[in-house]
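Here the structure comes first, spelled out in structure tokens, and everything after it is commentary.
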Amino acid sequence: MAERSPVFQIAASAESFETLLDALPAPIFVMGRDHGIVIANAAVCQFFGVSREALLEKGDAAVLGEQQRSTVRQVNDRVFDTGQPIDNEEVVPNGRGGLRVVRTSKRLVHLDTASGRQPFIVAYILDITEVRETEANARYRAEHDDLTGLLNRGQFLSRLSAATGEAADTGKLGALLMLDVDGFAAINDLHGSILGDEFLRNLARRLTGLVRSSDVLARIDGDCFGIIVSELRRLTDVDRLAERVLSAIGAPLTLGGHEFSPSVSIGAAIFPVDASTVEGLVRRAENAMLRSRRTKRHAYLRADGTSPEEIRSGEHLARDMREALGRNEFYLAFQAQVDARTGETTGFEALARWHHPEQGPISPEIFIGLAEATGFIHELGRWVLIEACRKAKAWPWPLRVAVNVSPVQLESPDFPLSVEAALAESGLPVERLEIEVTESALLGNTEQVVLAIDRLKALGVAIALDDFGTGWSSLATLQRFRFDRLKIDRTFVERMEYDTRSLAIVRAVLNLGYALDVPVTAEGVEQLGQLVALRQMGCTEIQGFLLGRPEVEATLVTMAPWNARSVAGMEDGRGGGASGTPASVRPSGRSGGAEA
């Protein structure tokens, strides 16, 4: 056993003091500046399920894992450095294989020891697990539907209001889908409400398996369900989701010895295109749903009256888009990817942009989806690959360039040949090219996708999994494919400062990347607090407006001294929470517009 500190000698010399502490029901311990525990009463040993000897010898390592221990020690250092008391809430293991929510109060005291007057932390633990569970259960009941366990109407409308507000602030697109079960009243009348309830629960489970973690699914009323899809990358994503819903819901269902062929009518409204208010969106989506029902059974329509067939025809902008490539209306913007620790630029992501001569900038969400629907994506994708490689070859720095690939491109047998041709034509070394694919791109023609990725990796091209965590089979995707990089979707990064679930997902992805020895890039970093949190969690790389918007000319980004001091100060508990981007890290020149 390690030699006991002088303060323990004080305690040991007064058995009455130790007896007094052991008589208290609350867990109490005393910690030194080296984070070693020097006094622990019986209650704290019982709470953590370890002996007093283990606590005194190993300190917090006896009860906490390495990552949590690092976080707790940062809090302790703030108490030692500032002298200010801290009351914080955390989740800790209880020594019996479970987890408990506790509020820990920590106070700084100075005691005379054989080595002189020394600072110590006196900590008191209050178990508030039952309180938090009661609160969580009450919130759950208030926010969820009793029958299906999905969100209820009130919570759904609240989430829709937040989504439309965020879309208005960021200029990003979203969608509202309203689904109504065809003929449900007849099922209830013929077979009774018990079987009808089970019918709805089954449909709810099918829908739950289709939506992403970032989507919102709710039972609106009776046999009506709603889905909110935020931050659309392309309009055809809505159509793909609606078609998956029609396919999954339409599968035969056997209940109580009866076989059913469920069907739904779906209406979709795009915000802020079709409407920008909650009331307007719901009205337009419901009207589209009713029109789809009148058109045919088990159907889907958008609020603008277009069916999937009409949407795929690409009548809007299609002719202009094909001519735009020859008129040099398309261009690339480059956004820096930065080492989260050193602040040095490690590479750039190439983003396609279209400036229409009459309509101005066309959102990538619109023209990428249109290009996919019309087949123009293959021609546009080849141009993007060649242009990105050519630009990167001309850079004065040997940095990588990342290129997004559409699911449609990846399913083409000719795609690997396009990559080879781009590398050969530009002369860019293969190790400097990274292809980014989304999880949705891996769910189509699986055999062709596997062949394409295997061929690219055989060439030496790195493959990154973009928007990780928002797809429908994240862990299965990691098992099937060997990626060179994971990219955390921006929705989790943007919400992690106020949403504990998003924070937990970010931390889990970082831990997963560490376990798989795969670097992780966090997208959408716009606030200094996000950067600080990501650095503390061990994030490899960051990308976002904090360090620069997409620009026509790739510009090296280095964390400015002001920024570096702010980050260091916040990590040490001394800095402020400035969230603005310093002028010195805002590259000048023509802006590439919103990220895509």
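For the sequence shown, our numbering assigns the number 110 to the initial residue and increments by one for each residue that follows.
Ideal Cβ positions, reconstructed from N, Cα and C, are used throughout, including at glycine.
Note that the coordinates shown come from a computational prediction; the quantities given were computed from them, not determined experimentally.
Which class does residue i belong to by DSSP, given the choice of helix, strand or coil?
| i | result |
| --- | --- |
| cysteine 333 | strand |
| tyrosine 730 | Outside the modelled stretch of the chain, which goes from 110 to 705, sits residue 730, for which no answer is possible. |
| histidine 253 | strand |
| methionine 430 | helix |
| leucine 489 | helix |
| lysine 566 | helix |
| lysine 281 | coil |
| threonine 191 | helix |
| arginine 402 | helix |
| phenylalanine 590 | coil |
| glutamine 155 | helix |
| valine 661 | coil |
| glutamine 636 | coil |
| alanine 135 | coil |
| arginine 392 | helix |
| glutamate 545 | strand |
| aspartate 324 | coil |
| alanine 571 | strand |
| aspartate 576 | strand |
| valine 172 | coil |
Among the options, which residue has its Cα nearest to the Cα of residue i?
| i | options | result |
| --- | --- | --- |
| valine 181 | Ala613, Phe157, His144 | His144 |
| valine 602 | Arg589, Val618, Gly456, Ala245 | Val618 |
| leucine 316 | Glu340, Leu282, Ala357, Gly435 | Ala357 |
| phenylalanine 577 | Gln155, Ile614, Leu560, Glu556 | Ile614 |
| phenylalanine 592 | Leu612, Gly569, Ala245 | Gly569 |
| threonine 191 | Leu217, Arg205, Arg250, Phe590 | Leu217 |
| isoleucine 375 | Leu350, Val382, Leu625, Asp131 | Leu350 |
| arginine 343 | Leu319, Thr547, Ser370 | Thr547 |
| threonine 586 | Lys596, Leu574, Arg142 | Leu574 |
| glycine 283 | Leu269, Phe293, Ala294 | Leu269 |
| arginine 714 | Thr404, Pro381, Ala377, Ser401 | Limits of the chain in this structure are 110 at one end and 705 at the other, which puts residue 714 out of reach. |
| leucine 355 | Leu312, Glu662, Gln264 | Leu312 |
| aspartate 236 | Glu635, Ile137, Phe457, Leu390 | Ile137 |
| leucine 637 | Leu656, Arg594, Glu650, Ala277 | Leu656 |
| glycine 456 | Arg491, Leu266, Ala497, Ser339 | Ala497 |
| glycine 366 | Asp346, Asp598, Glu307 | Glu307 |
| lysine 281 | Thr404, Pro628, Tyr623, Ile379 | Ile379 |
| leucine 165 | His300, Gly141, Ala408 | Gly141 |
| leucine 707 | Val661, Thr609, Val447 | Residue 707 lies beyond the range of the chain shown here (110 to 705); nothing can be said about it. |
So, at 7 Å on beta carbons, what are the nonlocal neighbours of residue i in its own chain, with the 5 sequence-adjacent residues on each side left out?
| i | result |
| --- | --- |
| leucine 565 | Pro525, Val528, Ile544, Ile572 |
| proline 134 | Ala152 |
| valine 517 | Glu481, Ile486 |
| arginine 406 | Asp291, Ser372 |
| serine 706 | The requested residue 706 does not occur in the structure, where the chain is confined to residues 110 to 705. |
| lysine 502 | Ser535, Gly536, Leu537 |
| serine 195 | The amino acid at residue 195 is misidentified as serine; the sequence shows isoleucine. Val184, Arg187, Val188, Lys215, listed in sequence order. |
| leucine 309 | Leu256, Thr257, Asp332 |
| arginine 431 | Phe485 |
Between which two residues does the beta strand (DSSP E) harbouring residue i extend?
| i | result |
| --- | --- |
| proline 505 | Here proline 505 belongs to no beta strand (DSSP E), and DSSP marks it neither H nor E. |
| aspartate 196 | 195 to 202 |
| histidine 464 | 454 to 465 |
| glycine 469 | 469 to 471 |
| aspartate 143 | Per DSSP, aspartate 143 belongs to no beta strand (DSSP E) and is neither H nor E. |
| alanine 445 | 439 to 448 |
| valine 629 | 629 to 631 |
| arginine 411 | 409 to 411 |
With a threshold of 7 Å (Cβ to nearest heavy atom), would residue i be considered close to the ligand GDP?
| i | result |
| --- | --- |
| valine 391 | Here there are no bound small molecules, and the ligand GDP is not part of this structure. |
Can you give me the Cβ contacts of residue i inside the same chain, cut-off strictly under 6 Å, excluding the 5 residues immediately before and after it?
| i | result |
| --- | --- |
| methionine 646 | Arg616, Leu619 |
| serine 611 | Phe601, Arg604, Met605 |
| glycine 226 | Inspection of the sequence shows that residue 226 is occupied by arginine rather than by glycine. His219. |
| aspartate 383 | Arg393, Ala412 |
| arginine 241 | Val210 |
| isoleucine 471 | Trp463, His465 |
| methionine 287 | Gly335, Gly376, Ala394, Glu395, Met398 |
| leucine 551 | Val558, Thr586 |
Over the uninterrupted alpha helix (DSSP H) stretch that includes residue i, give me the two end residues.
| i | result |
| --- | --- |
| phenylalanine 524 | 524 to 535 |
| arginine 161 | 161 to 167 |
| glutamine 518 | 516 to 519 |
| glycine 292 | Glycine 292 -> no alpha helix (DSSP H), and no H or E assigned at all. |
| glutamate 307 | 302 to 317 |
Who are the near neighbours of residue i in its chain, counting only those whose CB is closer than 8 Å to its CB and skipping five residues on each side?
| i | result |
| --- | --- |
| asparagine 396 | Gly376, Ala412 |
| leucine 260 | Glu252, His253, Asp254, Arg268, Val325, Leu326, Ala327, Arg328 |
Is there a Cβ of chain C sitting closer than 8 Å to that of residue i, yes or no?
| i | result |
| --- | --- |
| aspartate 298 | The structure shown contains no chain C; it holds only a single protein chain. |
(request) Only counting runs of 4 or more residues, tell me where the alpha helix (DSSP H) segments fall wholly within the segment 336 to 377, in order along the chain. (result) 345 to 358
(message) Could you tell me which whole beta strand (DSSP E) segments of length 3 or greater appear in the segment 199 to 246?
(response) 208 to 222, 225 to 236
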